[in-house]
Amino acid sequence: MYGQPIFELPRDLYIPPEALEVFLDAFEGPLDLLLYLIRKANINVLDIPMVPLTAQYLEYVEAMRRHNLELAADYLLMAATLLEIKSRMLLPRPPRDDGEEVLDPRAELVRRLLEYEQIKLAAARVDALPRAERDFEWVGVFVAEKVVERLPTVSLHDLQLAWLKIARQNRLRRHHTIQREELSVREHMSLILRKLSGDAFVVFESLFDPALGVAGLVVVFLATLELVKERLVVVTQNEAFAPIYVKRSDASAADA
C-alpha cells in the first residue's frame with residue numbers, strides 16, 4: 301500500500317458481511333433453476349412431482365428475494381406458475397362430456413423445459429468450438445519481397461523440337477548437288493556472336509540460313525549448343541511452347 305509491502309492485515313480493518321458472500325451456483329433464469337432442481341433430484345421430466353419441486357423452488361426464490369428483489373421478479377412469476385399447476389393437480393378433475401382425456405396441467409411446463417434443455421445443450425456445443433481471441437489469436441504476417449519474373453527454362457528437348465522444325469522447313473528447299481564442304485564449328489560460333497549484338501534478343505530460327513543445306517544447319521546447331529555450354533549465350537522464352545529467343549550473356553557482352 302502506497303508503495304510499501306503489507307505482511308499482516310491491520311487489526312482495525314473492517315470487512316462488511318456482504319463482502320464475504322460466496323455464490324456457488326449461477327442460473328440464467330427460472331427455467332434454468334427449475335431444470336437444475338429436476339436433474340439434481342434425478343426426476344423424470346415427463347413425470348414431475350410438483351409438491352416437492354415447488355417447495356424447493358420457493359426456498360430458493362425466498363433466498364434470492366432477501367438479496368436482490370429485481371432479479372427475483374422472473375423467478376416469482378415461475379413460482380406462481382408452479383403453484384397454479386400444483387393446485388390444479390390437487391383438485392379433482394371431472395371427466396369431460398366428449399370422452400376425451402383431460403390434459404395434464406404439467407404438459408406446457410414439460411414442453412418448455414425440454415425445449416430449454418435442447419437449446420442449452422446446443423449452446424454448450426457451440427461454446428466449446430474454438431473461438432478467436434478466446435482460444436487462439438489471429439496472426440498476420442507481412443512479407444516484403446520483390447517479385448522477380450522467372451522465365452521458363454529452355455531444355456535440350458525444346459532445342460531439339462526447334463531443330464526438327466528447322467530441318468522440316470529445309471527439306472522443302474533441298475538441293476541435289478553433291479559437293480564436299482569443310483565446315484568449322486568455331487567459325488559459326490563467331491558468326492552467331494556477331495549476329496547477337498548487345499542485349500537484343502534474336503529469334504532462334506533466324507540463326508539458321510536454309511541456303512547452307514543440311515550440313516550447314518547441323519554445324520550452326522552444334523555451334524549454338526557449344527555457345528550455350530560455354531555460357532556465352534542465353535536461350536529463353538516468354539512462356540511454355542512460345543518462340544525461343546537467344547541473346548549474348550552478360551559476360552560475353554562485356555567482353556565485346
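Residue 556, in my numbering, is where the sequence shown stops; the numbers in between run on with no holes.
Beta carbons: idealized from backbone N, C-alpha and C, even for Gly.
Item, Value
"In whole angstroms, what is the alpha-carbon distance linking R366 and A407?", "32 angstroms"
"Quick one, which of A379, N344 and L491 has its alpha-carbon nearest T524's?", "L491"
"In the DSSP output, which residue or residues are listed as bridge partners for V345?", "In DSSP, V345 forms no bridge with anything."
"For E415, which option in D332, L527 and N538 has the closest C-alpha, if you only look at C-alpha atoms?", "D332"
"Can you check which of these residues, L429, Q304, Y375 and Q356, is closest to F327 by C-alpha distance?", "Y375"
"Can you tell me whether P330 is buried or exposed? The criterion is at least 16 other CB atoms within 10 Å of its CB, across all chains shown.", "buried"
"For the segment 486 to 516, which segments carrying the beta strand (DSSP E) assignment without a break, of at least 3 residues, lie completely within its bounds, in sequence order?", "none"
"Check whether the segment 427 to 442 touches the segment 492 to 508, taking contact to mean three or more Cβ pairs, one atom from each stretch, closer than 8 angstroms.", "no"
"Since L346 and V410 should fall inside the 8 angstroms C-beta cutoff, what is the C-beta to C-beta distance between them, to a whole number of angstroms?", "6 angstroms"
"Quick one: what does DSSP say R434 is sitting in, helix, strand or coil?", "coil"
"Find out if the Cβ-Cβ distance for the pair M364, K386 is shorter than 8 angstroms.", "no"
"Nearest to K547 by alpha carbon, out of M378, I306, V502 and R434?", "V502"
"Taking the C-alpha atoms as reference points, what is the distance between P452 and L522?", "22 angstroms"
"Measuring only the C-alpha atoms, how far is L383 from T354?", "7 angstroms"
"Please name the residue in Q469, P405 and E487 whose C-alpha comes closest to that of P392.", "P405"
"For chain B, find out if any of its Cβ atoms is closer than 8 angstroms to the Cβ of V533; answer yes or no.", "Protein chains in the displayed structure number just one, and chain B is not present."
"Taking the beta carbon of Y302 as the centre, do at least 16 other beta carbons fall within 10 Å, making it buried, or is it exposed?", "exposed"
"By the three-class DSSP mapping on this structure, what secondary structure does Y302 have?", "coil"
"What do you reckon, are the CB atoms on M489 and L527 nearer than 8 angstroms?", "yes"
"In chain order, which continuous runs of the beta strand (DSSP E) of length 3 or greater are located wholly inside the segment 401 to 425?", "none"
"Do the CB positions of L517 and F508 come within less than 8 angstroms of each other?", "yes"
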